[in-house]
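Everything below concerns the one structure shown next.
Protein chains: 2
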Amino acid sequence: MTVLRGNAIIGQSGGPTAVINASAAGVIIEALKHSEHIPKVFGAAHGIRGILDEVFYDMSEEDPRELELMKTTPSSSLGSVRYKLADPDEDDSDYRRLLEVFRKYDIRYFFYNGGNDSMDTCSKVSKFVRDAGYDMRVMGVPKTIDNDLAGTDHCPGFASAAKYIATSTMEIFQDANVYNTGQITVLEVMGRNAGWLTAATVLAAARGAGPDLIYLPEVEFCLEQLVEDVKRIYQEKGNVIVAVSEGVRTADGRYIPELVGTVSTDAFGHKQLGGAAQVLADHLAKETGAKVRGIEFSLLQRCAAHIASKSDVEEAYECGAEAVRQALAGQTDYMIGMKRVSNVPYEIEYILVPLVDVANHEKKVPREWINAEGNFVKSEYIDYCLPLIAETSDVPQEDGLPRFCRLKKVQARP
Amino acid sequence: MTVLRGNAIIGQSGGPTAVINASAAGVIIEALKHSEHIPKVFGAAHGIRGILDEVFYDMSEEDPRELELMKTTPSSSLGSVRYKLADPDEDDSDYRRLLEVFRKYDIRYFFYNGGNDSMDTCSKVSKFVRDAGYDMRVMGVPKTIDNDLAGTDHCPGFASAAKYIATSTMEIFQDANVYNTGQITVLEVMGRNAGWLTAATVLAAARGAGPDLIYLPEVEFCLEQLVEDVKRIYQEKGNVIVAVSEGVRTADGRYIPELVGTVSTDAFGHKQLGGAAQVLADHLAKETGAKVRGIEFSLLQRCAAHIASKSDVEEAYECGAEAVRQALAGQTDYMIGMKRVSNVPYEIEYILVPLVDVANHEKKVPREWINAEGNFVKSEYIDYCLPLIAETSDVPQEDGLPRFCRLKKVQARP
């Protein structure tokens, strides 16, 4: 087999995670090893936007030690983007522009690191350039703390966020129970449609140091039921911890802030979530008269590299490296996925998942992993999640603080 | 010298820290070694409240391994309290009750672990029992993330919170700069009157990954000036991170939520929604039209044992143990303090600080460590703080999550 010869580009897209840079490092470091087939490796500034704007960096100019440090640097060092390509049947101008840039820089390997939307982007780009007769390998590298990608056992980024959330919940539990006066604590966790991350608070509960109640978006939300649940436990114990996903909504589709407050929409018409903890805390204070504290894990949960899962960092890197190896072997239009071969001891293998299978699906927490009342998570989830967070990643330190990568970002020329 | 013979009690008071249990462990483990002079060591449930209510635990009943685990378990495992004793000249009923309990249980060593208020409590209790002719050693063990106790170079609990805040700020920086659309991020840090913790965000800035602006309670706050500062930097850079202490207030004593409350077209539709970060974020969004995110470190900053400073844990323990050794040597009415003997290499020695010197003072960040404009922190602070966070404490793990202590809490009988 003749190996396709040409340059490679990697783009990062969507919300950051603690390990998205590890995946980019996997692509970059692996691709740089194959200079006989891939003369140049580019990093796109702000994902697809950087390609459209012809702003990308020559990764061979970077110090290899800094590329190593990308593995333990959270968020997207190349810059991320939320730009959405149009449907090519309606408006193909972006696609034509991409093709132009691909040709100009002889880009034959396209790696895109992101969630569902990014896999959809990959798939559309691939189809367009193929129809135009341009030979290019397109591989998706999975990324999302939400853990909602189809075709893979779990997603890089999820385990680190879960480890942070479970650990922080245990610590908050110690704090929230410290006074002899009652307290209700509301924890707000990210997750618009899938409750994988909020469910991670059950790992703390299983150690006797977690929430009493957990509400996921997989179950229709009822504010009155939550108030009733909280009141009952508050009466029994005097202390209640409630974990709630930012994405829970009622049968008619309203989010918590809409139920007792107001919600704003962004430029794309997406409702701006977040703030549920405080809104709910205010509501519960009024309903119960108790002292209530709302805590939002906010950005911290998706960028806490200091307590990232070791296997998550390694797998994120390998997903990137494997994408390169598979593309060199002639594969295209796949996302790298992970299949769990064994739970104890934990073992996975890397698989190829067709991009089209990922693009239009959202994997949710199975309903049978949630209790009948819809206010707690069952042991199936614990068995699934615990192996993913077993060890902590080691982050190189400098005077007691993390040493993150410093990229030179030398702009590439054709 | 004859060593006073009798039982010991330790109480924990005020807001939790990552290492307050380490101090309690220091007292308990050290006191248990001296059974020839201290037959029993009691742990008061919820500080002074537990003594008044005669609810305390016989610490010799605990598994020594669990007492070891107290060192790395955040918050107050014995329970804390915010109960304030009356002025004995006005109402001495609590003091008479305490004396009664001390006599009943032959308590001759009283250790109290807390901040300014706790040292005041110690001082008053000591005077009352002495006036009543009851021989008892009273020693304060310092604790506060606020770092505002007089007579000591720094306070156990501060360094761990500072390390958490600096690290998290660096991580948030990676995340907050990831899109090519501008963003303003507001970080809210604890500290009502002293800005030691908020100032720790400058450690992140010194690594090129921190706030552009830092506002401490030591400087009179001016909302208009902050808005102007933010607008200027936003124009220059497109991304701004602002760190603000929850305690900043204007010349006439108003806190941030009160300020925007009076401007009052209520950006969020609720009054008292969130803390300073959210209120300020809403205000800045209105003033700049930028995307603004408010992040409150909340309880996480005071209970994040998973990233506690190693020296903080050790010093907290030693402060407790030293209090016992000094009390056995006949000292009373002191708080254990720390004196920095050398900065490089970092070295401290333990000293005795008269309780009365601590009780009525609050140590603030020196004005000359803050820039003239009052919106940033100078290198003197970095030199002071960096040695305190040099290493990370090792927290024993169980399946990837912290293994916190589990106390039996066997109630003591007279």
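Protein chains in written order, with my numbering: chain A, 1208 to 1621; chain B, 1208 to 1621. We put the beta carbon where it would ideally sit given N, CA and C, even for glycine.
Can you pull the chain B neighbours of residue 1331 (chain A), defined as C-beta to C-beta under 7 Å? The contacting residues do not exist; residue 1331 (chain A) stays about 21 Å from chain B at best.
Chain B beta carbons: is any one of them nearer than 7 Å to that of residue 1260 (chain A)? no
Beta carbon of residue 1408 (chain B), beta carbon of residue 1450 (chain B): below 7 Å? yes
Between which two residues does the beta strand (DSSP E) carrying residue 1392 (chain A) extend? 1390–1396
Measure the alpha-carbon distance for residue 1481 (chain B) versus residue 1485 (chain A) and round it to whole angstroms. Model confidence at residue 1481 (chain B) stands at a pLDDT of 44, short of 50, so the residue's coordinates are unreliable; what they give is reported in the following sentence. So the alpha carbons of these two residues sit roughly 6 Å apart.
Grab me the residues of residue 1615 (chain A)'s own chain with a C-beta within less than 7 Å of its C-beta, minus the 5 sequence neighbours each way, in chain order. 1268 and 1269
Nearest to residue 1532 (chain A) (by Cα), restricted to the options A:1433, A:1346 and A:1282: A:1346
If we count the other Cβ atoms within 10 Å of its Cβ and call it buried at 16 or more, is residue 1493 (chain A) buried or exposed? exposed
Is it buried or exposed for residue 1551 (chain B), if we count other Cβ within 10 angstroms and need 16 for buried? exposed
Which residue comes first and which comes last in the beta strand (DSSP E) that contains residue 1289 (chain B)? From DSSP, residue 1289 (chain B) is part of no beta strand (DSSP E); its letter is neither H nor E.
Just curious, the beta strand (DSSP E) that residue 1556 (chain B) is in, first and last residue? 1554–1561
Chain B contact residues for residue 1280 (chain A), given Cβ-Cβ distances below 8 Å: 1381
Within the region 1566–1617 of chain A, note down every full alpha helix (DSSP H) run reaching 4 residues or more, in order along the chain. 1586–1592
For residue 1420 (chain B), the three-state DSSP class (helix, strand or coil): strand
Cα-Cα separation between residue 1542 (chain B) and residue 1316 (chain B), rounded to whole angstroms: 14 Å
Let me check understanding here. Comparing Cα to Cα, which of B:1568, B:1281 and B:1275 lies closest to residue 1226 (chain B)? B:1281
Backbone CA spacing between residue 1499 (chain B) and residue 1438 (chain B) [nearest angstrom]: 12 Å
Helix, strand or coil: which one does DSSP assign to residue 1475 (chain B)? The predicted position of residue 1475 (chain B) is uncertain, since its pLDDT is 37 and thus under 50; a value taken from the coordinates is nonetheless stated next. Three-state DSSP puts residue 1475 (chain B) in coil, outside helix and strand.
Taking the Cβ atom as the reference point for each residue, do residue 1508 (chain B) and residue 1326 (chain B) lie within a distance shorter than 7 Å? no
In whole angstroms, what separates the C-alpha of residue 1605 (chain A) from that of residue 1373 (chain B)? 13 Å
How long is the line joining the alpha carbons of residue 1608 (chain A) and residue 1272 (chain A), rounded to whole angstroms? 18 Å
Please report how far the alpha carbon of residue 1349 (chain A) lies from the alpha carbon of residue 1276 (chain A), in whole angstroms. 20 Å
To the nearest angstrom, report how far apart residue 1472 (chain B) and residue 1466 (chain B) are at their CA atoms. Because the pLDDT at residue 1472 (chain B) is just 35, under 50, the model does not fix this residue reliably, and the value given afterwards should be weighed accordingly. If you take the alpha carbons of residue 1472 (chain B) and residue 1466 (chain B), they lie about 12 Å apart.
I'd like to know whether the C-beta of residue 1507 (chain A) is nearer than 7 Å to at least one C-beta of chain B. yes
On the criterion of 16 or more Cβ atoms from any shown chain inside 10 Å, does residue 1574 (chain A) qualify as buried, or is it exposed? exposed
Using a Cβ-Cβ cut-off of less than 7 Å, list which residues of the region 1411–1427 of chain B approach chain A; keep chain order. 1414 and 1416
For residue 1374 (chain A), would you say it is in contact with chain B, using Cβ-to-Cβ distances shorter than 7 Å as the test? yes
Counting only beta-carbon separations shorter than 7 Å, does residue 1354 (chain B) have a partner in chain A? no
Determine the direct distance from the alpha carbon of residue 1295 (chain A) to that of residue 1539 (chain A), and round the result to whole angstroms. 20 Å
Could you tell me which residues DSSP pairs with residue 1546 (chain B) in its beta bridges? B:1556
Assigned secondary structure, residue 1302 (chain A) (DSSP; H/G/I helix, E/B strand, else coil): helix
Is the beta carbon of residue 1529 (chain B) sitting closer than 7 Å to the one on residue 1553 (chain B)? no
Give the range of the beta strand (DSSP E) segment to which residue 1236 (chain A) is assigned. Run containing residue 1236 (chain A): none in the beta strand (DSSP E); it sits in the alpha helix (DSSP H), 1227–1239.
Where do the ends of the alpha helix (DSSP H) carrying residue 1551 (chain B) lie? Where residue 1551 (chain B) is concerned, there is no enclosing alpha helix (DSSP H), given that its DSSP letter is neither H nor E.
Could you say which of B:1363, B:1452, B:1458 and B:1445 lies nearest to residue 1544 (chain B) if we only look at CA atoms? B:1363
Got a sec: which bits of the region 1549–1583 of chain A sit with their beta carbon under 9 Å from any beta carbon on chain B, in order along the chain? none
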